[in-house]
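Visitor: The structure is given below, and queries will be raised subsequently.
Residue numbers (this note's numbering), protein chains in the order written: chain A, 1 to 298; chain B, 299 to 596.
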């Protein structure tokens, strides 16, 4: 065939920064990631969330360097004391997950997350919490938990022994706050906009579908305001095999109709595994989908 | 990044053989392709069509060898004089398209198709028509045209100067007929089953959507019987950008409803470009879809 298979030890990072409006700030942050040697494959910004999500891939060294560089770029450009947005956040660089792809292991991602946090502390003096697979205690596995109280509540929280940072002094950086750094499996972040301004509808729908209230497995969902006549169900799926994306979207469609509204548009944040796309296409087209690419590219 | 980009000159072949029932015959045909060094990435058989479609990829040498070997395996196992099926066919190995993938060119695919036909004639004494991009005359570009009259009408047709074979003597092989060998762009072959036994409905819907009757661009469609209470709209799309698959399926859904029936199931034959899958998923989910794989695998 003339095809050579290369061993790939690649990681994804999906940093979230607390800036969704000023394009020059987001550009500077994206550049810092690229200059460190990681490849940015997706970026998305939202003004109401006041938040951007960058998706980048690279070797262990590249994504770790990128995390440190990005923490610096965010620190330089974002002051959380003046930050407003509907999405919870504790830092200028707010969340930094390391995701093992292809032949990388979760343990390697955990090690990378911890090394990156140490280097950020040394370089920029911003403390970090380890979350998800990198968490040192059960309490810190949940990102929502780690971010509770947000930037404004950090110093109060640091006073409690169970909420000392994992890296750094127990004092939030005055402008950049703290960072949730972790390792996790690949995740689907998907937003569904509803054509209503009634936030209670989004919150009710989020409760109806999320795992913590007895809904779909591995699904986290949040109802958020987005505009005068639009609210959002913001969701994360960590196991798209247990809970296919199309099933969630179609359930929300029915629930929205029942609530007298409808889906206005949807939005994928970052990237999605190819297998999840095929599954969605198969569901809607009513046919098994096979692609040329899967078998010649891997 | 540690990623090396390899130049890939890869071709796809999508041979159709006139056997859809006897698994041991299809297995033997698939094995002949694999033993020649091509990688079989998909196979599908249909009893009513009495036809199987094999999708394989490989280097120029591998797919050309595979075509010759497969013509031999089909010849050994399939006798068209006893063959019945709803799908038009002229040969045991009925159609053999060469598709340029990645960095291969159409001219290379044309050259391969013609070389393969010559080698099949030398080895197995089966004549070939060149069709699509490999056609020597405008008349032979259309596969439907090349196959008109089917196996049973071959010898009568060969008597007419404009229908002499491109390779081989103007006499069909007694049991294996002739082969349509060509080169073409990648194509989506998709079947939509309707929950009715009324063939006229499938034919009417096919006419409504196909390009030749003023329907969707680059879409070919055929209404075929499939069972007592099921008919099929069988379609080919050669430019999925001009005519996205989801648009066709949803149009058929509406037309079927209007005709008092509905889509029972759909079926993809062979493989589909990843971009077409993403497009379908985006259409149905109402969101732009980006995958991790596109950017780390290429």
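Ideal placement from N, C-alpha and C gives every residue a C-beta, glycine not left out.
1) Along the alpha helix (DSSP H) that carries residue 116 of chain A, what are the first and last residues, could you check?
2) For the stretch 280–291 of chain A, which residues have a CB atom closer than 9 Å to at least one CB atom of chain B, in sequence order?
3) With a CB to CB cut of under 6 Å and the five nearest residues on each side skipped, what residues in its chain are close to residue 271 of chain B?
4) Would DSSP call residue 14 of chain A helix, strand or coil?
5) Within 10 angstroms of its Cβ, does residue 283 of chain A collect 16 or more other Cβ (buried), or is it exposed?
6) When Cβ atoms are compared, which residues of the stretch 40–68 of chain A fall closer than 7 Å to chain B?
7) From residue 366 of chain B to residue 373 of chain B, what distance separates their C-alpha atoms?
8) Check whether the stretch 251–268 of chain A touches the stretch 157–169 of chain A, counting contact only when three or more Cβ pairs, one atom from each stretch, lie closer than 8 Å.
9) Using DSSP with H/G/I as helix, E/B as strand and the rest coil, what is residue 50 of chain A?
10) Between which two residues does the alpha helix (DSSP H) harbouring residue 35 of chain A extend?
11) Could you tell me which uninterrupted alpha helix (DSSP H) segments, each at least 4 residues in length, are contained entirely in the stretch 414–468 of chain B, listed from first to last along the chain?
12) Just how far apart, CA to CA, sit residue 241 of chain A and residue 281 of chain A?
13) Note down, in chain order, each residue of its chain lying with its Cβ closer than 6 Å to the Cβ of residue 301 of chain B, except the 5 sequence neighbours on either side.
14) Could you tell me which residues DSSP pairs with residue 9 of chain A in its beta bridges?
15) Counting only C-beta atoms, is residue 220 of chain A closer than 9 Å to chain B at any point?
16) Considering Cα atoms alone, identify which of B/375, B/333 and B/340 is closest to residue 359 of chain B.
17) Starting from residue 64 of chain A, trace the beta strand (DSSP E) both ways and give me its first and last residue.
18) Output, in chain order, the set of chain E residues within a Cβ distance shorter than 8 Å of residue 535 of chain B.
19) Nearest to residue 265 of chain A by alpha carbon, out of B/504, B/493, B/587 and B/315?
20) Assign residue 162 of chain A to buried or exposed, taking buried as 16 or more other Cβ atoms, counted over all protein chains shown, within 10 Å of its Cβ.
21) Within 10 Å of its beta-carbon, does residue 42 of chain A have 16 or more other beta-carbons around it, so buried, or fewer, so exposed?
22) Exposed or buried, residue 287 of chain A, counting other C-beta atoms within 10 Å across all chains shown (16 or more means buried)?
23) Closest Cβ-Cβ distance between residue 267 of chain A and chain B: below 9 Å?
24) For residue 405 of chain B, does the count of other Cβ atoms within 10 angstroms reach 16, so buried, or fall short, so exposed?
25) How many angstroms separate the CA atom of residue 471 of chain B from the CA atom of residue 314 of chain B?
26) What are the residues in the stretch 470–490 of chain B lying within 9 Å of chain A by C-beta distance?
27) Relative to the C-alpha of residue 260 of chain A, which residue among A/201, A/71, A/10 and A/268 is closest?
28) Below 8 Å CB to CB, which residues in the same chain sit around residue 541 of chain B once its five sequence neighbours on both sides are set aside?
29) Take residue 376 of chain B as the anchor and find which of B/441, B/324 and B/469 has the nearest alpha-carbon.
30) Per the DSSP calculation, residue 98 of chain A is bridged to which residue(s)?
31) Here's a check: name, in chain order, each residue in its chain whose Cβ is nearer than 7 Å to the Cβ of residue 496 of chain B, leaving out the five neighbours to either side.
32) What are the residues of the stretch 238–249 of chain A that lie near chain B, defined by any Cβ-Cβ distance shorter than 9 Å?
33) Short of 7 Å in beta carbon distance, which residues of its chain neighbour residue 435 of chain B, apart from the five on each side in sequence? Order them along the chain.
34) Got a sec: which bits of the stretch 110–140 of chain A sit with their beta carbon under 9 Å from any beta carbon on chain B, in order along the chain?
35) Counting only Cβ pairs nearer than 8 Å, list the residues of chain B close to residue 273 of chain A.
36) Taking 6 Å as the limit between beta carbons, can you name the residues of its chain near residue 417 of chain B, skipping five residues before and five after?
Guide: The answer reads as follows:
1) Translated into positions along the first chain, residue 116 of chain A becomes position 116. First-last of the alpha helix (DSSP H) with residue 116 of chain A: 106–124.
2) Listed by position along the chain: 280, 281, 282, 283, 284, 285, 286, 287, 288, 289, 290 and 291.
3) Beyond the ends of chain B as shown, which are 299 and 596, falls residue 271 of chain B; an answer cannot be given.
4) Taking the first chain and counting its residues from 1, the one referred to as residue 14 of chain A is at position 14. Coil.
5) On the first chain, position 283 is the one that residue 283 of chain A refers to. Burial call: buried.
6) 41, 42, 57, 58, 59 and 62
7) Mapped onto the second chain, residue 366 of chain B falls at position 68. Mapped onto the second chain, residue 373 of chain B falls at position 75. Rounded to whole angstroms, residue 366 of chain B to residue 373 of chain B spans 11 Å at the Cα level.
8) Contact between the stretch 251–268 of chain A and the stretch 157–169 of chain A is not established, with fewer than three Cβ pairs separated by less than 8 Å.
9) As a working mapping, residue 50 of chain A is identified with position 50 in the first chain. In the displayed model, residue 50 of chain A falls within coil according to three-state DSSP, outside both helix and strand.
10) What you label residue 35 of chain A is simply residue 35 of the first chain in a count that begins at 1. It spans 23–35 - the alpha helix (DSSP H) in which residue 35 of chain A sits, taken as one unbroken run.
11) 441–444 and 452–456
12) Translated into positions along the first chain, residue 241 of chain A becomes position 241. Translated into positions along the first chain, residue 281 of chain A becomes position 281. Using only the alpha carbons, I get a separation of about 14 Å.
13) Taking the first residue of the second chain as position 1, residue 301 of chain B is located at position 3. With a pLDDT of only 44 at residue 301 of chain B, under 50, the local geometry of the prediction cannot be trusted, and the value read off the model is given with reservation. The beta carbon of residue 301 of chain B sits closer than 6 Å to no other beta carbon from its chain once the five residues preceding and following it are set aside.
14) Position 9 of the first chain, counting from 1, holds the residue named residue 9 of chain A. For residue 9 of chain A, which the question treats as bridged, DSSP gives no partner whatsoever.
15) By 1-based counting over the first chain, the position of residue 220 of chain A is 220. Chain B, which has no Cβ nearer than 9 Å to the Cβ of residue 220 of chain A, makes this no.
16) Here residue 359 of chain B is taken as the residue at index 61 of the second chain, counted from 1. Residue 359 of chain B has its Cα closest to that of B/333, out of B/375, B/333 and B/340.
17) Within the first chain, the letter at position 64 stands for residue 64 of chain A. Residue 64 of chain A -> not in any beta strand (DSSP E); alpha helix (DSSP H) instead, spanning 60–77.
18) In summary, chain E is missing from the structure at hand, where the protein chains are A and B.
19) Walking along the first chain from the start, residue 265 of chain A turns up at place 265. Among B/504, B/493, B/587 and B/315, the Cα nearest to that of residue 265 of chain A is on B/587.
20) Along the first chain, one-based indexing puts residue 162 of chain A at 162. Residue 162 of chain A comes out exposed.
21) Residue numbering aside, residue 42 of chain A sits at position 42 when the first chain is read from its first letter. Buried.
22) One-based indexing of the first chain puts residue 287 of chain A at position 287. Buried: at least 16 other Cβ atoms inside 10 Å.
23) The residue labelled residue 267 of chain A in the question sits at position 267 within the first chain. Judged by the 9 Å Cβ criterion, residue 267 of chain A is in contact with chain B.
24) Sequence index remark: in the second chain, residue 405 of chain B carries index 107 (1-based). Looking at its Cβ environment, which holds fewer than 16 other Cβ atoms inside 10 Å, residue 405 of chain B is exposed.
25) Locating residue 471 of chain B in the second chain gives position 173, counting from the first residue. Locating residue 314 of chain B in the second chain gives position 16, counting from the first residue. Roughly 17 Å between the two C-alpha positions.
26) Against chain A - using a Cβ distance shorter than 9 Å - the residues of the stretch 470–490 of chain B are 484, 488, 489 and 490.
27) Start at 1 with the first residue of the first chain, and residue 260 of chain A comes out as number 260. It is A/201.
28) Position 243 of the second chain, counted from the first residue, corresponds to residue 541 of chain B. Counting only Cβ-Cβ distances below 8 Å, and skipping sequence neighbours, we find 514, 515, 516, 517 and 535.
29) Taking the first residue of the second chain as 1, we reach residue 376 of chain B at position 78. Nearest to residue 376 of chain B by alpha-carbon distance, out of B/441, B/324 and B/469, is B/324.
30) Within the first chain, residue 98 of chain A is the residue found at index 98, counting from 1. The partner list for residue 98 of chain A (beta bridge, DSSP) reads A/13 and A/183.
31) Within the second chain, residue 496 of chain B is the residue found at index 198, counting from 1. Closer than 7 Å at Cβ, skipping near neighbours: 529.
32) Taking 9 Å as the Cβ-Cβ cut-off against chain B, the residues of the stretch 238–249 of chain A that qualify are 245, 246 and 249.
33) Residue 435 of chain B sits at position 137 when you count from the first residue of the second chain. Within the same chain, residue 435 of chain B has no close Cβ partners at all.
34) Residues of the stretch 110–140 of chain A with a C-beta less than 9 Å from any C-beta of chain B: none at all.
35) What you label residue 273 of chain A is simply residue 273 of the first chain in a count that begins at 1. Residues of chain B passing the Cβ test: 589, 590 and 591.
36) Stepping through the second chain from its first residue, residue 417 of chain B is reached at position 119. If we look at residue 417 of chain B and ignore the five residues flanking it on each side, its Cβ neighbours are 366.
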